[in-house]
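Protein chains in written order, with the working numbering: chain S, -9 to 444; chain Y, -9 to 444.
Built from N, CA and C at the ideal position, the CB exists for glycine as well.
Below you'll find the structure, written out as structure tokens, and then a few comments.
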């Protein structure tokens, strides 16, 4: 639509600057010291919705960080699109690996570098600017609701209660989420699934205090050694996960599905070069795309214990810790896997240490049917702006709340993501290409148009 | 000797206050930010030697922290005792586990709590106060030299050069060191050996940057998992160390020696209760005292990688690190073991990661003959003040420079330590009992007396 294109071209710089302002707010939900920044960011989102043309926009308090809700109801008889996104971001550390401040966004080589640039501020803000485009050009063909939360990166602990208590408010015909990636600008794709998550923290305690490793070493179990042995045992020699029952509920992909996946463009050498590794690693019997898409995984997200400073300290530490998370695929259940994992760790823990393993958060896997109205509208929208039909792919990440949305609101979810795997999500130097940002703003109005025409 | 006892009783409080002042200086050799504190501490040691009656005391510059040398030459025809000690201390972290500031010494229940209280400020300072006692009472029967260095806790990297270049200055008849422990005040003992050390740091790199564990997890080797597998493989199911050649040079204890060791008082239940562990761990086929005394060990002193902060971060980290140290027994050589360890780690490292393993520092094991004049003088001194003959035991710790002293200066070393294993050396809440401090000051002059009488 020429009118959208013209409006967007004209306001291009402002669309960017507004996003940069949002990226300057260090809205790290995991860290209690950013509590006030979280509120500040929520307020900024609320204002931006009103400025873009929402009839109303409000903060809803939770036990944690506030939820932003906004809406533009043009005509109750028209279909309603519920846009979900999150204004919180992952912690920025390790800070020393950033080339510029994580909360001081810079544009370099046509890319915005900042924590949250892609995940998810840059992506949900495309919807705000798409709303503005349609409102200002009098072309909004749907009702639109925004649910932008502040706890996605910590597992959405308070969103479920809000959804359950506000079913009427959130009533819609489809949920649209931009919080995933596409293969590339040349090969647009739509995620048809997100994996579930079980994230736990483990504490292993040996002696009741740090000891001199010369005086006690060799006679008392070292919690680092024991934790390492426990971690080492979680994958067998074929990199299968060894927790009994772990794979029981996994829906194995059919040969036909695997064949289709194998057709997605993938260059192993480029993949390895990009990551700087000589050899790939993973579960025997599966391809890289299968390992990240249709197979559950167990990853160590962090480990620490003993002396980690400069120089040497000959200590036999009292404690060692690890953060471990599993990605889950349909039909695994987060609660069940968390229990299997924690029970297994307790079982394999030898009696010369004590262990405490606890849930951080979890989320269920989710699959979008490609014959749904939402998926079809997204595919048509992408075709309209990219000139080619998107490939449906299974994404590796997790959006914990998806399964609950479907259950409580009875809605299908469409993942229309414009990020790239190379955007360094959750890593130093997170980025979002300007081209992707603008392409998203251009594409979203088409989604509303095609969804309204369904 | 009544005259010593009276002098010491009279100056008791000052002897304590002077030590407390020394403990207030945060002389952490491993941390570059304490460079100036190191010099300040060296200056304080120098002044204390002059004040105690040294003829001269001076700082010798090194590539690292200064060495303090002092002497009181009464008569060149008399025997000379070279006292070695160190004014540097281990890092104090984890700080949150200290009940009071590590460099704000407090007296509680008859114990001095501070970093360095026992290791080694409290112990070498007994010799300074013993010198003062003998000088002030005109009873010094020997010449006495002090060599107090500032890099013991980081492996004495610059002491060897100093010793080699100053053989004449350091000429003596015996080296006396108080930097070890005794079994208890009721069961005095003398260490007849210290273990050697090989301390390395390992860096394992997987992908070239931190990755999103959902997007890449399962397809790229996680450096924490790989490091854990490598660490786990270093001890077999009997807790023997698996590095090929590791035990080749170990001098096995004879049955007679093992029988003698088994006679030293040891209550396993008390030992476990003190450490708060249900079961002890260690190399199969050896007792606890053997494991810490006559067997080499491999301990993890630290591990870190990925996200270690509050909350959760779903990251697949680029790097993971560990600090690993081995304690060595006679006839193992530090250089050789370090090479075996590093070569082995490189060999077992799989090709989907890269590894960098480097030496921090090392030191050779050392044994004192119990029929030497020095040992006999120490045993008689302890008998004079404790009322019982000390038990010779093999200590688990390391004093890296001992083997070099013997080689370069041709001297035997006597370890007359007054610490306790429960003094929390290298740990939070390091302490030194006032009773042990005063008992040491009381005992040391007897060593000089008996050594002069030999």
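- A straight line joining the alpha-carbon of residue 173 of chain Y with that of residue 90 of chain S spans about 56 Å.
- Residues of the segment 314 to 337 of chain Y with a C-beta atom less than 8 Å from some C-beta of chain S are 315 and 317, listed in chain order.
- Interface criterion met: the Cβ of residue 414 of chain S is under 8 Å from a Cβ in chain Y.
- Secondary structure note for residue 324 of chain S: its alpha helix (DSSP H) is the uninterrupted segment 324 to 338.
- In the DSSP assignment, the residues bridged to residue 421 of chain S are S:103.
- A distance below 8 Å between beta-carbons, with the five flanking residues on each side excluded, links residue 281 of chain Y to the following residues of its chain, in chain order: 272, 273 and 287.
- For residue 3 of chain Y, the enclosing alpha helix (DSSP H) has its first and last residue at -8 to 13.
- Taking all protein chains in view, the Cβ of residue 379 of chain Y is surrounded by fewer than 16 other Cβ atoms within 10 Å, so the residue is classified as exposed.
- For residue 39 of chain S, no beta strand (DSSP E) encloses it; the enclosing alpha helix (DSSP H) starts and ends at 25 to 42.
- The C-beta distance from residue 434 of chain S to residue 116 of chain S rounds to 6 Å, short enough to meet the 8 Å contact threshold.
- Under the DSSP definition of a beta bridge, residue 316 of chain S partners with S:188 and S:288.
- Taking a Cβ-Cβ threshold of 8 Å, none of the residues of chain S is close to residue 423 of chain Y; the smallest such distance is about 16 Å.
- At a cut-off of 8 Å between C-beta atoms, residue 354 of chain S does not count as an interface residue with respect to chain Y.
- Around the beta carbon of residue 300 of chain S, a 10 Å sphere encloses fewer than 16 other beta carbons of the protein chains shown; the residue is thus reported as exposed.
- Every alpha helix (DSSP H) stretch that sits fully inside the segment 231 to 319 of chain S and reaches 4 residues is listed by chain position as 245 to 252, 258 to 265 and 278 to 283.
- The beta carbon of residue 442 of chain S sits closer than 7 Å to those of 68, 69, 131 and 132, all from its chain and outside the five residues before and after it, given in chain order.
- Between residue 384 of chain Y and residue 283 of chain Y, the gap from beta carbon to beta carbon is short of 8 Å.
- Residue 159 of chain S sits in coil when the DSSP states are folded into three classes, being neither helix nor strand.
- Rounded to whole angstroms, the gap between the alpha carbons of residue 234 of chain S and residue 23 of chain Y is 50 Å.
- The beta carbons of residue 324 of chain S and residue 186 of chain S sit closer together than 8 Å.
- Less than 8 Å separates the beta-carbon of residue 313 of chain Y from that of residue 302 of chain S.
- Excluding residues up to 5 positions away in sequence, 177 lie with their Cβ nearer than 6 Å to the Cβ of residue 255 of chain Y in the same chain.
- The segment 92 to 110 of chain S and the segment 7 to 17 of chain S touch, with three or more beta-carbon pairs separated by less than 8 Å.
- With 16 or more other Cβ atoms from the protein chains shown falling within 10 Å of its own Cβ, residue 195 of chain S counts as buried.
- Apart from the 5 residues on each side of it in sequence, residue 138 of chain Y sits with its Cβ closer than 7 Å to the Cβ of 35, 58, 75, 76, 77 and 114 in its chain, given in chain order.
- Along the segment 204 to 216 of chain S, the positions whose C-beta sits under 9 Å from a C-beta of chain Y are 204, 205, 206, 207, 208, 209, 210, 211, 212, 213, 214, 215 and 216, read in chain order.
- Residue 142 of chain Y places its beta carbon 8 Å or farther from that of residue 148 of chain Y.
- With 16 or more neighbouring CB atoms inside 10 Å of its own CB, residue 432 of chain S falls in the buried class.
- Sequence-distant partners of residue 50 of chain S (beyond 5 residues in either direction) whose C-beta falls short of 7 Å from its own C-beta, in its chain, are 56, 57, 59 and 152.
- Contiguous beta strand (DSSP E) elements confined to the segment 328 to 407 of chain Y occur at 344 to 353, 381 to 384 and 403 to 405, taking only those with 3 or more residues.
- At least one CB of chain Y lies nearer than 8 Å to the CB of residue 350 of chain S.
- Under a criterion of Cβ atoms nearer than 7 Å, no residue of chain Y is adjacent to residue 177 of chain S; the nearest Cβ is some 16 Å distant.
- Taking CB atoms only, residue 259 of chain S has no neighbour in chain Y less than 8 Å away.
- For the C-beta of residue 272 of chain Y, the chain S residues within less than 9 Å are, from N- to C-terminus, 208, 209, 210 and 211.
- For residue 303 of chain Y, the nearest beta carbon of chain S is closer than 8 Å to its own beta carbon.
- Counting every other CB atom within 10 Å of its CB across the protein chains shown gives residue 37 of chain S a total below 16, marking it as exposed.
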